[in-house]
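Accompanying notes for the structure given below.
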Amino acid sequence: MKTQAHWLNWKHLKVYSSLLLALFLIYGIGGVYFSKNMVDAGGHPLGLDFIAFWGASYLALAGHAQDAYNIPLLFKAQQIGVPAAKVSYPWFYPPSYFLVILPLALLPYLAAYGTFMLSTLGGYLLVFRRIIRGKTAMWCLAGFSGLWMNFFDGQNGFLTAALAGAALLNFERRPVLAGVFIGLLAIKPHLAMLFPVALLAIGAWRTLITAAVTAITFMAAGTAILGTAVLKAFLASLGDARLFMENTHLLWNKVPSVFAFLRLLGTSATWAYAVQFAVAVVAVIIVWRVWRHCRNRNLRNAVLMTATFLVSPYAFYYDLAWLAFPIAWLALDGLRNGWLRGEREVLVAAWLLPLMMVLIAAMLKVQVGPLVLGSLLWMTYRRATTASMTGAPASAAPAKISSRLYSKRCYSLANTSTMAKKSEHAAERKTMNADAHWLNRERLIFYSRIFLALFFGIGVGLVVTSKHMVTGDFVLAWAASHLALTGHALDAYSIPSLIKAQQIAEPGPQDVYGWFYPPSYYLLILPLALLPYAAAYWSFMLSTLGGYLLVFRRIIRDKTAMWCLAGFSGLWMNFFDGQNGFLTAALAGAALLNLERRPVLAGVFIGLLAIKPHLAMLFPVALLAIGAWRTLITAAVTAITFMAVGTAILGTAVLKAFLASLGDARHLCLENGSLLWSKMPSVFAFMRLLGTPVTWAYVAHFIVAVVAVIAVWRVWRNCQNRNLRGASLMTATFLVSPYVLFYDLAWLAFPIAWLALDGLRYGWQRGERAVLAAAWLLPLLMMVQIIAHLNVQVGPLVLCSLLWMTYRRATTASMTGAPASAAPAKISL
491 MKTQAHWLNW
501 KHLKVYSSLL
511 LALFLIYGIG
521 GVYFSKNMVD
531 AGGHPLGLDF
541 IAFWGASYLA
551 LAGHAQDAYN
561 IPLLFKAQQI
571 GVPAAKVSYP
581 WFYPPSYFLV
591 ILPLALLPYL
601 AAYGTFMLST
611 LGGYLLVFRR
621 IIRGKTAMWC
631 LAGFSGLWMN
641 FFDGQNGFLT
651 AALAGAALLN
661 FERRPVLAGV
671 FIGLLAIKPH
681 LAMLFPVALL
691 AIGAWRTLIT
701 AAVTAITFMA
711 AGTAILGTAV
721 LKAFLASLGD
731 ARLFMENTHL
741 LWNKVPSVFA
751 FLRLLGTSAT
761 WAYAVQFAVA
771 VVAVIIVWRV
781 WRHCRNRNLR
791 NAVLMTATFL
801 VSPYAFYYDL
811 AWLAFPIAWL
821 ALDGLRNGWL
831 RGEREVLVAA
841 WLLPLMMVLI
851 AAMLKVQVGP
861 LVLGSLLWMT
871 YRRATTASMT
881 GAPASAAPAK
891 ISSRLYSKRC
901 YSLANTSTMA
911 KKSEHAAERK
921 TMNADAHWLN
931 RERLIFYSRI
941 FLALFFGIGV
951 GLVVTSKHMV
961 TGDFVLAWAA
971 SHLALTGHAL
981 DAYSIPSLIK
991 AQQIAEPGPQ
1001 DVYGWFYPPS
1011 YYLLILPLAL
1021 LPYAAAYWSF
1031 MLSTLGGYLL
1041 VFRRIIRDKT
1051 AMWCLAGFSG
1061 LWMNFFDGQN
1071 GFLTAALAGA
1081 ALLNLERRPV
1091 LAGVFIGLLA
1101 IKPHLAMLFP
1111 VALLAIGAWR
1121 TLITAAVTAI
1131 TFMAVGTAIL
1141 GTAVLKAFLA
1151 SLGDARHLCL
1161 ENGSLLWSKM
1171 PSVFAFMRLL
1181 GTPVTWAYVA
1191 HFIVAVVAVI
1201 AVWRVWRNCQ
1211 NRNLRGASLM
1221 TATFLVSPYV
1231 LFYDLAWLAF
1241 PIAWLALDGL
1251 RYGWQRGERA
1261 VLAAAWLLPL
1271 LMMVQIIAHL
1281 NVQVGPLVLC
1291 SLLWMTYRRA
1301 TTASMTGAPA
1311 SAAPAKISL
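Counting from 491, one number per residue, gives the positions in the sequence shown under the numbering used here.
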């Protein structure tokens, strides 16, 4: 048997990198577009930390370099560069760094920013090209979040990484030059701490002495030019920096150190330092052992640059631009000497770390940086102590990544005899012909036309009898778009401010709605308020309806099916309410349709579905059940990046407001929103309408949710029928999340279609067509119970019946059947 190829092949590397590159470019362009007077909505200047460099340069050129260590005086200098800036940035650099940034204030702020970032990026790229050459490698670097985080933050990660990388590349052939690079790295002394350890381990005395002389000379030159007061101010500022790090919890999200990891968990500063010291000692020992005993230069270099972040408690996310180099060295070593299990996943995690660590820490209060860095260091050490330990040194010439890194992964499907299938289908056709069911083709079309006429008449009646345009919840999206476009996206989470924005769209009395969407959803609705309200409504609804219809046509093609969809109450409920049910259903359906042939595209669709995270909860379960790692990772990357772009454009305050709003949504709308329970087809709402306490309603809902998750896992794990897989997932979604509303039931068109196809192919069991009819009518039935004020929620009953029907079909005849055809099918009754 051939060994199964790994999922991470060269094509996927390019796809992931291209996706992230596009998103970072969109973020950058959006940040510039929405800025005013070179600042964002929060008063932060473009380039963020770079304003500190420009301000320090301005003070130094004016003969007041020591004032850079005085935050109020530095802020005044920063406002000369960017007058609209409202946030100050501190300065904790040694006198030597003044020699690097001194000319910056000779240029206007943006010109200085561009000059500094592009010149240091040039050095960074030169070093990377010395390590590895090839289009695939450059694509990976272009999509590397560490590069973009440093670029957007206006920091010196490119410079320090280039100095460290150039030192490692030159220390054997040009030891003196390598020492000069290490000495220059003393502009950030905490990032150079491991170089003496490595150099002592191999007895590289010339490099070590040159580094010491360069660092001392560089510091002395800066002190001589600027005055000893600057050196004293720098030394005094170190205490402030330490206190800043120990007590500023907002920084811990951005610091990938063990110290920050423990402080976020609530550990005292003393214990955090103690554990940081213990981990640092282990990292130092590992660096010493690898440099002392291993002759593989790639592993030596990778272990030093990785361990640097586990030794220093004071390193930031933009410093992780360094990781491009150890990732490249380890990739080269893996391609030459083979991979151990899990190593490529570690490299992917390290590649995503600069972006992931900030988002995860902000949302979960957990700093994943040390975990990923520890895994990367262990991977390097393990390779150094096994096959690579006795190998020859890696070639000094830059290497190229082969485009044939990995072959495509193949999924094996159960094979069924062709003759058996033919006889089985023939028997089923006979059974179907003998079964003269009441729900035939003519009646389907007839009922659908009646409901189509009914809903069309309701729509016309609403337009004629209403003084204002009736668009339901859409006014929320328009108002949020208006607030975001005016630089007040944060106000969307404030009901009074949101109501004022709604009045702009529709003057007069209105129902009170809340905005509980994540920052990523802003990226979709942002252009709406550029149009008049009515035009925005029709543009949004028709465009999302178009995507919905395209997906439905990919599932089934037939006039009868289209008539059934035209009369489907879920479609009209979403249309009248101006909601995003078409959009979320199209994303979910497109993901399921593309899962096998285009797994990366499917992952993108799932990631975009995170605009409503509670509707995407079952996708990880299904993907884990079939081992669809490419799709799962793509979905995670897309969701995180989408959220990061929205947060970056609108500000972290919007993300915080969204997270805070979830408590209001739970308390006001879910637990105590008696008016909403009749609109929620969930077990929780069913129990609350019966008068059950909140706690017991949650317990009942949790039990049903667990059963639904198990059903989805078993169907996806054991059944090869794609129609039943898709139907089980989309149906169970409404039994897992307690917070779903009637307009979300637009999703049901797709599982109904899949189950209808499966029934027509393999025969019907008693009661199944009645279940499909009930599901088709469910959104309308819920509206009837709302209008009639019936305190009964029929949604969970119908949805459980639909899921049971799907599960029963999956565990009987369809379990051993061949997968359903990917081509759209026609109904033949």
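Every residue, glycine too, gets a C-beta built ideally from N, C-alpha and C.
Contact belief for residue i with residue j at Cβ below 8 Å, rounded distance in angstroms
i	j	result
A811	G647	4 Å
L1021	F1042	Not really, about 27 Å apart at Cβ, beyond 8 Å.
V965	Q992	5 Å
L675	A682	4 Å
D823	L789	6 Å
E1230	L1219	It should be pointed out that residue 1230 corresponds to Val in this sequence rather than to Glu. So it is not a contact: roughly 14 Å between Cβ atoms.
G1004	A1175	The pair is not a contact, with the Cβ atoms about 17 Å apart (cut-off 8 Å).
Q857	A750	5 Å
T700	G673	7 Å
F618	L608	At roughly 15 Å, the Cβ-Cβ gap does not stay under 8 Å, so F618 and L608 are not in contact.
G545	G571	6 Å
F1132	P1171	The Cβ separation is near 27 Å, so there is no contact.
S863	L800	Looking at the sequence itself, residue 863 is Leu, so the reference to Ser does not match. Sure, about 6 Å apart at Cβ, within 8 Å.
F724	Y517	Rounded, the Cβ-Cβ distance is 34 Å, inconsistent with contact.
V590	I677	6 Å
Span of the alpha helix (DSSP H), counted from its first residue to its last, around residue i
i	result
V801	787 to 801
L1238	Per DSSP, L1238 belongs to no alpha helix (DSSP H) and is neither H nor E.
V1226	1212 to 1226
M709	695 to 716
R620	599 to 621
C630	625 to 632
G545	540 to 551
C1290	1285 to 1300
G673	665 to 674
R1207	1184 to 1208
H978	Per DSSP, H978 belongs to no alpha helix (DSSP H) and is neither H nor E.
I1098	At residue 1098 the sequence reads Leu, which differs from the Ile that was named. Unbroken alpha helix (DSSP H) run through L1098: 1089 to 1098.
P816	814 to 827
S1059	1059 to 1067
Q568	561 to 571
Y984	The question names Tyr, yet the displayed sequence has Ser at residue 984. It is not in any alpha helix (DSSP H) - S984 carries neither H nor E in the DSSP assignment.
Y587	585 to 591
W868	859 to 874
N1070	Careful: N1070 lies outside any alpha helix (DSSP H) and carries neither H nor E.
W638	635 to 643
N930	No alpha helix (DSSP H) contains N930, which DSSP labels as neither H nor E.
A688	684 to 692
V1111	1108 to 1116
N660	647 to 660
Residues bridged to residue i [DSSP beta-bridge criterion]
i	result
K504	Bridge partners of K504: none, in fact.
V529	K526, P535
- Query: Where are the alpha helix (DSSP H) runs, 4 residues long or more, that stay fully inside the stretch 993 to 1041, in chain order?
  - Reply: 1009 to 1015
- Message: Can you confirm whether the stretch 1068 to 1078 touches the stretch 1099 to 1108 when touching is taken to mean that 3 or more C-beta pairs between the two stretches lie within less than 8 Å?
- Response: yes
- Task: Return the chain-ordered ranges of every alpha helix (DSSP H) run that is complete within the stretch 1120 to 1172 and spans a minimum of 4 residues.
- Result: 1142 to 1154, 1164 to 1167
- Cβ contact check for the stretch 767 to 781 and the stretch 842 to 856: 3 or more pairs under 8 Å: no
- Should the stretch 1138 to 1149 be regarded as contacting the stretch 525 to 534, the criterion being three or more beta carbon pairs within less than 8 Å? yes
- Task: Enumerate, from N- to C-terminal direction, the unbroken alpha helix (DSSP H) stretches of 4 or more residues contained entirely within the stretch 728 to 779.
- Result: 739 to 742, 748 to 754
- Message: Counting beta carbon pairs with one atom in the stretch 626 to 646 and one in the stretch 659 to 669, are three or more of them shorter than 8 Å?
- Response: no
- Item | Cβ contact (3+ pairs, closer than 8 Å) linking the stretch 1186 to 1193 and the stretch 1060 to 1074 | no
- Touch test, the stretch 1045 to 1055 against the stretch 1234 to 1250, Cβ-Cβ under 8 Å, three pairs minimum: yes
- Query: Hey, is the stretch 1110 to 1123 in contact with the stretch 1200 to 1216, meaning 3+ C-beta pairs nearer than 8 Å?
  - Reply: yes
- Check whether the stretch 586 to 601 touches the stretch 622 to 631, taking contact to mean three or more Cβ pairs, one atom from each stretch, closer than 8 Å. no
- Query: Taking three-plus beta-carbon pairs below 8 Å as touching, is the stretch 1087 to 1096 in contact with the stretch 1253 to 1262?
  - Reply: no
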